[in-house]
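> This is the structure I want to talk about, given as structure tokens.
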Amino acid sequence: MSFCCAESPAARYHLVDFDRVPGVACPCGTAHRALADLADYPATLHRTEITAGAEPHYHQRLTETYYILECEPDAQIELDGQTFPIKPGMCIVIRPGCIHRALGRMTILNFVLPKFDPSDEILVDGPPPKPT
6 MSFCCAESPA ARYHLVDFDR VPGVACPCGT AHRALADLAD YPATLHRTEI
56 TAGAEPHYHQ RLTETYYILE CEPDAQIELD GQTFPIKPGM CIVIRPGCIH
106 RALGRMTILN FVLPKFDPSD EILVDGPPPK PT
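Counting from 1 along the sequence shown, just add 5 to a position and that's the residue number in my numbering.
Pasting the structure below:
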């Protein structure tokens with residue numbers, strides 16, 4: 006549920022204060038998930054504080070777009086077993102089926118389309134399967 010500061014009477018805008026959105030534990034750390042309660046909005050937006058111990062996972066239906074707000078100098082993203090250095094200002098599109106995890110501490114905005122569904126977050130043990 007998002008906590009808005011203001012919403013227009015005709016619902017032409019909706020403001021969210023992420024500092025007032027409660028954190029929820031996730032495989033990456035703590036996610037502050039907003040916009041799930043807006044029936045006419047097709048996505049959710051999360052501010053996520055990622056810890057060094059993010060768990061590899063994938064989604065069957067969801068596409069995530071990470072925008073890196075801040076991170077440690079040696080932070081990386083692992084995508085289907087390959088690691089890539091990241092820095093603030095980068096954007097990563099993670100399509101369904103891509104096993105991913107963040108390596109190192111960082112704060113991201115995560116745009117999830119369609120709306121986030123916790124049942125579509127599948128944890129993975131071991132290396133990712135080979136693409137077919």
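We put the CB at the ideal spot given by N, CA and C, even for glycine. Since we're looking at a predicted model, the values are computed, not measured.
If contacts are defined as beta-carbon pairs under 8 Å, then CYS33 and THR53 qualify, I think. What distance do you get, rounded to the angstrom?
As a first step, residue 33 must be located in the sequence shown, where it is residue number 28. As a first step, residue 53 must be located in the sequence shown, where it is residue number 48. With 8 Å as the limit, CYS33 and THR53 qualify as a contact, their Cβ atoms being about 6 Å apart.
> Would GLU69 be called buried (16 or more neighbouring beta carbons within 10 Å of its own) or exposed?
Along the sequence shown, read from residue 1 onward, the residue named residue 69 stands at position 64. Buried: at least 16 other Cβ atoms inside 10 Å.
> The beta strand (DSSP E) that contains ALA5, what's its start and end?
Not covered by the structure: residue 5. The range shown for the chain is 6 to 137.
> Quick one, which of GLY109, PHE116, TYR46, THR88 has its alpha-carbon nearest VAL2's?
Absent from the model: residue 2. The displayed extent of the chain is 6 to 137, so no value can be given.
> Grab me the residues of GLY28's own chain with a C-beta within less than 8 Å of its C-beta, minus the 5 sequence neighbours each way, in chain order.
As a first step, residue 28 must be located in the sequence shown, where it is residue number 23. Same-chain partners within the cutoff: THR35, ALA36, HIS37, GLU54.
> Once the 5 residues before and after MET95 are set aside, which same chain residues still bring their CB inside 6 Å of it?
Counting from one through the sequence shown, the residue named residue 95 turns up at place 90. Within the same chain, MET95 has close Cβ partners ILE73.
> List in chain order: all unbroken beta strand (DSSP E) runs of 3+ residues lying wholly within the region 83-130.
The region 83-130 contains these whole beta strand (DSSP E) runs: 87-90, 96-99, 105-108, 111-118.
> The beta strand (DSSP E) that contains VAL26, what's its start and end?
For this step, residue 26 is matched to residue 21 along the sequence shown. Taken as a continuous stretch (DSSP letters only), VAL26 belongs to no beta strand (DSSP E), as it is neither H nor E.
> Nearest to THR144 by alpha carbon, out of LYS120, GLN81, TYR18?
The structure shown does not extend to residue 144, since the chain spans only 6 to 137, so no value can be given for it.
> Can you pull the DSSP bridge partners for TYR71?
Here residue 71 is taken as the residue at index 66 of the sequence shown, counted from 1. Answer is ILE97, ASN115.
> From the DSSP output, in three-state form, read off TYR63 for me.
Locating residue 63 in the sequence shown gives position 58, where the first residue counts as 1. Note: TYR63 maps to strand in three-state DSSP.
> Beta-carbon separation of CYS103 and ASP85 under 8 Å?
By one-based count along the sequence shown, residue 103 stands at place 98. By one-based count along the sequence shown, residue 85 stands at place 80. In this structure, ASP85 lies closer than 8 Å to CYS103 by Cβ.
> Let's test the definition: count the other Cβ atoms within 10 Å of the Cβ of TYR18 and tell me whether it reaches 16, buried, or not, exposed.
As a first step, residue 18 must be located in the sequence shown, where it is residue number 13. Classification of TYR18: exposed, given that the 10 Å Cβ count is below 16.
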